[in-house]
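Below you'll find the structure, written out as structure tokens, and then a few comments.
In mature numbering (1 follows the signal peptide of the UniProt record, and there is no 0), the protein residues as written are -24 to -1, 1 to 281.
Next up, the structure:
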């Protein structure tokens, strides 16, 4: 069972200049996979569905190279499924962020994540501006015949959920994202973490660009204070189509905590729809070199005996 991290992130950024003196993992921004689809859902079935979990869509920033985001785990917030009318249930911009039966969170985190915590003051969901792969039904090959099993049947309809977002102020600092970085979500690394893994942040895909973040950041924390500098996407483009902002964490150790923060436009909400974890698979040349180095070390060790 994943433990909640309530209170463990408390007081982060109480003083941004009070930086913890602790070993730090290496954080980097890999890049952004813009516009998973450049089409809107449409007014009737079959709807267009953003292919974040469908492998027919090339994903050059996917850490394990299988063209599926979230192969190791994922978290979506404020989702909703309505069929055959995706607009059957209206939207709600003021939902309890922890969970809600009408707009549920869909969370399946990696085994190496020991806990997580929502760090936004609210979530919003229910609007059909973007439909995304249902991760519980799509993991690689998209089932284009899924709609034929529904009532009424719809030829060519793939499984989907409506995208929701975490938004509002950050719960740790109270920051408005238009003024200062506001927290959205955090997690703690447990045992068995891979040497490198990537976390992709899903944004945009809403009815106006004002609701999407202008910048996404990843910060390590310890004892309620930042560790090192955050990795940042810098200014990102927004155009109402779903994007994935990809960050890499190298050398994370059990007990280390990481927080995602955003900046946003004045009058907006800097909403984040979800997170996807992928383990970085070494390039063949890199893996081969590692084997050579290991073999060489064994030979040297034997000669010294």
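For every residue, glycine included, the Cβ atom is placed at its ideal position computed from N, Cα and C.
- Should residue 121 go down as buried or exposed, given a rule of 16 or more other Cβ atoms within 10 Å for buried? On the chain shown, position 145 is the one that residue 121 refers to. So residue 121 ends up on the exposed side.
Rounded C-alpha distance that separates residue 181 from residue 139: Within the chain shown, the letter at position 205 stands for residue 181. Within the chain shown, the letter at position 163 stands for residue 139. Between residue 181 and residue 139, the C-alpha separation is close to 8 Å.
According to DSSP, residues forming a beta bridge with residue 120
Counted from its first residue, the chain shown places residue 120 at position 144. Looking at the DSSP assignment, residue 120 forms no beta bridge with any residue, so it has no partner.
Requested in this report: For the beta strand (DSSP E) holding residue 139, just list the boundary residues, first then last.
Outcome: To locate residue 139, count along the chain shown from 1; it is residue 163. That residue, residue 139, is in no beta strand (DSSP E); it is neither H nor E in DSSP.
Just to confirm my understanding: we take residue 259, look at its own chain, exclude 5 residues before and 5 after, and list those with CB closer than 8 Å. What are they? As a working mapping, residue 259 is identified with position 283 in the chain shown. So no residue of the chain qualifies.
task = Give me the Cβ distance between residue 248 and residue 161, rounded to the nearest whole Å; I'm assuming they're in contact under 8 Å.
result = What you label residue 248 is simply residue 272 of the chain shown in a count that begins at 1. What you label residue 161 is simply residue 185 of the chain shown in a count that begins at 1. Residue 248 to residue 161, Cβ: 7 Å. Contact.
Excluding the 5 residues flanking residue 34 on each side, which residues of the same chain have their C-beta closer than 8 Å to its C-beta? By 1-based counting over the chain shown, the position of residue 34 is 58. Closer than 8 Å at the Cβ level, and outside the excluded window around residue 34, lie 43.
| said: I'd like the span of the beta strand (DSSP E) that includes residue 158, first residue to last. | reply: By one-based count along the chain shown, residue 158 stands at place 182. Its beta strand (DSSP E) spans residues 158 to 165.
* Asked: Is the beta carbon of residue 92 less than 8 Å from the beta carbon of residue 51?
  -> Position 116 of the chain shown, counted from the first residue, corresponds to residue 92. Position 75 of the chain shown, counted from the first residue, corresponds to residue 51. Cβ atoms of residue 92 and residue 51: closer than 8 Å.
task: State the start and end residues of the unbroken beta strand (DSSP E) segment that holds residue 31.
output: The residue you call residue 31 lines up with position 55 of the chain shown. Here residue 31 belongs to no beta strand (DSSP E), and DSSP marks it neither H nor E.
Considering only residues of the same chain and omitting the five flanking positions on each side of residue 108, which have a CB-CB separation below 7 Å? On the chain shown, residue 108 is found 132 positions in, with the first residue counted as 1. Here the set comprises 25, 26, 28, 136, 137, 139, 218.
Distance, residue 202 Cα to residue 177 Cα = Taking the chain shown and counting its residues from 1, one reaches residue 177 at position 201. Taking the chain shown and counting its residues from 1, one reaches residue 202 at position 226. Taking the straight line joining both Cα atoms gives about 20 Å.
Measuring alpha carbon to alpha carbon, tell me which residue in 106, 171, 195 is nearest residue 157.
Locating residue 157 in the chain shown gives position 181, counting from the first residue. Checked all of 106, 171, 195; the closest Cα to residue 157 is 195.
Buried or exposed: where does residue 143 fall if 16 or more other Cβ atoms within 10 Å of its Cβ makes it buried? Residue 143 sits at position 167 when you count from the first residue of the chain shown. By the 10 Å Cβ count, residue 143 comes out buried.
Query raised in the report: What separation, rounded to the nearest whole angstrom, lies between the Cα atoms of residue 147 and residue 235?
Result: Stepping through the chain shown from its first residue, residue 147 is reached at position 171. Stepping through the chain shown from its first residue, residue 235 is reached at position 259. Note on geometry: alpha-carbon atoms of residue 147 and residue 235 lie some 12 Å from one another.
Note to self: Among 213, 185, 238, 40, whose alpha-carbon lies nearest the alpha-carbon of residue 206?
What the structure shows: By 1-based counting over the chain shown, the position of residue 206 is 230. Looking at the Cα atoms, 238 is the closest of the given residues.
Would residue 18 and residue 68 be called neighbours here (beta carbons separated by less than 8 Å)? Numbered from 1 along the chain shown, position 42 holds the residue referred to as residue 18. Numbered from 1 along the chain shown, position 92 holds the residue referred to as residue 68. No; because the gap between Cβ atoms is not below 8 Å, this pair is not in contact.
Under a three-way DSSP split, which group does residue 8 fall into?
Within the chain shown, the letter at position 32 stands for residue 8. DSSP places residue 8 in strand when its eight states are reduced to three.
Practice task
Quick one: grab the DSSP three-state call for residue 106.
Solution key: The count along the chain shown starts at 1 and reaches residue 106 at position 130. The answer is coil: DSSP assigns residue 106 none of H, G, I, E or B.
request  = Report yes if the C-beta distance between residue 81 and residue 53 is below 8 Å; otherwise report no.
outcome  = In the chain shown, counting from the first residue as 1, residue 81 sits at position 105. In the chain shown, counting from the first residue as 1, residue 53 sits at position 77. Yes; because the gap between Cβ atoms is below 8 Å, this pair is in contact.
Sequence-distant residues of the same chain with beta carbon closer than 7 Å to residue 14, five excluded per side
Translated into the one-based positions of the chain shown, residue 14 becomes position 38. Within the same chain, residue 14 has close Cβ partners 217.
**Message:** Need the endpoints of the beta strand (DSSP E) that residue 195 sits in, please.
**Reply:** Indexing the chain shown from 1 puts residue 195 at position 219. Taken as a continuous stretch (DSSP letters only), the beta strand (DSSP E) holding residue 195 covers 191 to 198.
Exercise for the section: Tell me where the beta strand (DSSP E) around residue 92 begins and ends. Expected result: Taking the first residue of the chain shown as position 1, residue 92 is located at position 116. Per DSSP, residue 92 belongs to the beta strand (DSSP E) from 89 to 94.
- Determine the contact status of residue 226 and residue 1, defining contact as a CB-CB distance below 8 Å. Here residue 226 refers to the residue found at position 250 of the chain shown. Here residue 1 refers to the residue found at position 25 of the chain shown. The answer is yes: Cβ separation under 8 Å.
Checklist entry - Since residue 48 contacts residue 86 with CB under 8 Å, what's their CB separation in whole angstroms? => result The residue you call residue 48 lines up with position 72 of the chain shown. The residue you call residue 86 lines up with position 110 of the chain shown. With 8 Å as the limit, residue 48 and residue 86 qualify as a contact, their Cβ atoms being about 4 Å apart.
Exercise for review: Let me know if residue 134 comes out buried or exposed under the rule of 16 or more other beta-carbons within 10 Å of its beta-carbon.
Suggested key: In the chain shown, the residue the question calls residue 134 occupies position 158. Its Cβ being crowded by 16 or more others within 10 Å, residue 134 is buried.
May I ask which residues mark the beginning and end of the beta strand (DSSP E) holding residue 176?
For the purposes of this step, residue 176 is taken as residue 200 along the chain shown, with counting starting at 1. Looking at the DSSP string, the run of the beta strand (DSSP E) that includes residue 176 is 172 to 179.
Output the distance between the C-alpha atoms of residue 223 and residue 151, rounded to the nearest integer angstrom.
Residue 223 sits at position 247 when you count from the first residue of the chain shown. Residue 151 sits at position 175 when you count from the first residue of the chain shown. If I take the Cα positions, the gap works out to 22 Å.
Can you tell me whether residue 251 is buried or exposed, with buried defined as 16 or more other CB within 10 angstroms of its CB? By one-based count along the chain shown, residue 251 stands at place 275. The residue is buried, with at least 16 neighbouring Cβ atoms inside 10 Å.
What whole-angstrom Cβ distance do residue 132 and residue 22 have, given they're in contact under 8 Å? The residue you call residue 132 lines up with position 156 of the chain shown. The residue you call residue 22 lines up with position 46 of the chain shown. The pair is a contact, with the Cβ atoms about 4 Å apart (cut-off 8 Å).
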